[in-house]
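Residues 1 to 188 in UniProt numbering are what the sequence shown spells out, letter by letter. Note that CB positions come from ideal geometry on N, CA and C, so glycine has one too.
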Amino acid sequence: MDIPFEIRDALFFGFFYVSLGYTIYSRDWQPSPERSTLYLGATVLFGALHLGERYVLGYVLTGETIGQGVYAPSYTIATALGTVSLFCFLLSRPGLGRSTALPSWGRRYAVGIYVAHPPVLFVLETASETVSPFGYEISNTILWHLGSTPATVLGALIVYLASRKLRAIAGDGNGLPRSERLRNIGSK
Numbered sequence: 001m002d003i004p005f006e007i008r009d010a011l012f013f014g015f016f017y018v019s020l021g022y023t024i025y026s027r028d029w030q031p032s033p034e035r036s037t038l039y040l041g042a043t044v045l046f047g048a049l050h051l052g053e054r055y056v057l058g059y060v061l062t063g064e065t066i067g068q069g070v071y072a073p074s075y076t077i078a079t080a081l082g083t084v085s086l087f088c089f090l091l092s093r094p095g096l097g098r099s100t101a102l103p104s105w106g107r108r109y110a111v112g113i114y115v116a117h118p119p120v121l122f123v124l125e126t127a128s129e130t131v132s133p134f135g136y137e138i139s140n141t142i143l144w145h146l147g148s149t150p151a152t153v154l155g156a157l158i159v160y161l162a163s164r165k166l167r168a169i170a171g172d173g174n175g176l177p178r179s180e181r182l183r184n185i186g187s188k
C-alpha cells in the first residue's frame with residue numbers, strides 16, 4: 001500500500017509487532033530451550049526467503065536489474081515470519097549475550113539512539129539527494145543500503161551523547177531537563 005506520509009510503519013508494521021509481543025506475553029508462553037536450534041534455523045530460512053522475495057518482487061517481476069537500482073521495500077511477508085522465529089529463538093535463550101557488554105549498552109543507549117535516529121536518517125537521506133543532481137545516485141547503490149544503517153546508529157549515538165554532554169536531557173538520559181536547565185543551555 002502506497003501511503004505518502006511517514007507513519008505507515010507505526011500504523012501497519014508496528015501494530016503487528018506490538019500485538020505479537022503482547023500475545024506472547026499475555027499467554028505467558030516461553031519457547032522451549034530444546035527447540036532453540038529449530039528457531040534459529042527457521043530464522044535463517046525466513047531470512048533467505050526474505051531476500052528471495054525482495055529479489056523476485058524487485059527484479060524478476062519488473063524486469064529491472066540490480067544495476068538500475070536497489071529495490072528496498074520496508075517489509076515483506078517473510079519479514080514477519082523471520083521476526084516471529086527470531087523472537088522465539090531469543091525467548092528460548094534468555095541468557096544469550098548476558099556476559100557481554102550489550103545489555104549495559106542497551107540500557108544506557110537504546111532509547112536515546114531510537115529517539116535521535118529519525119533526524120540523523122533525514123540528514124543522511126538529504127545529503128544523498130543533494131549529490132543526485134551531480135550524477136551520483138548513491139541512494140540506489142548496495143553500498144548505501146549496507147552503510148546507511150550503521151551510519152544512522154552511529155550518528156544517533158553521537159547526537160544522543162552530545163545532548164547528554166550539553167545537558168539538554170537529564171543526566172541519566174531518561175527524562176527531559178527542567179526549565180532552568182534549558183535556560184542555562186542557551187546562556188552558555
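Determine the DSSP secondary structure at residue i, reduced to helix, strand or coil.
i	result
residue 52	helix
residue 101	coil
residue 108	helix
residue 118	helix
residue 58	helix
residue 168	coil
residue 32	coil
residue 96	coil
residue 65	coil
residue 129	helix
residue 41	helix
residue 17	helix
residue 25	helix
residue 141	coil
residue 76	coil
residue 160	helix
residue 47	helix
Quick one, which of the options has its alpha-carbon nearest residue i's?
i	options	result
residue 46	105, 135, 89	89
residue 124	116, 159, 152	152
residue 148	168, 118, 134, 39	118
residue 161	34, 110, 25, 24	110
residue 25	159, 93, 87, 41	87
residue 141	38, 43, 48, 65	65
residue 57	76, 41, 43	76
residue 84	44, 155, 163, 55	44
residue 150	135, 121, 126	121
residue 169	91, 17, 102, 115	115
residue 31	107, 135, 91, 96	91
Give the straight-line distance between the Cα atoms of residue i and residue j, rounded to the nearest whole angstrom.
i	j	result
residue 21	residue 129	37 angstroms
residue 50	residue 166	42 angstroms
residue 33	residue 41	14 angstroms
residue 38	residue 53	22 angstroms
residue 156	residue 163	10 angstroms
residue 102	residue 158	18 angstroms
residue 93	residue 55	32 angstroms
residue 100	residue 14	28 angstroms
At least one CB of chain B closer than 8 angstroms to the CB of residue i: is that the case?
i	result
residue 90	Protein chain content of the structure displayed is limited to a single chain, and chain B is not contained in it.
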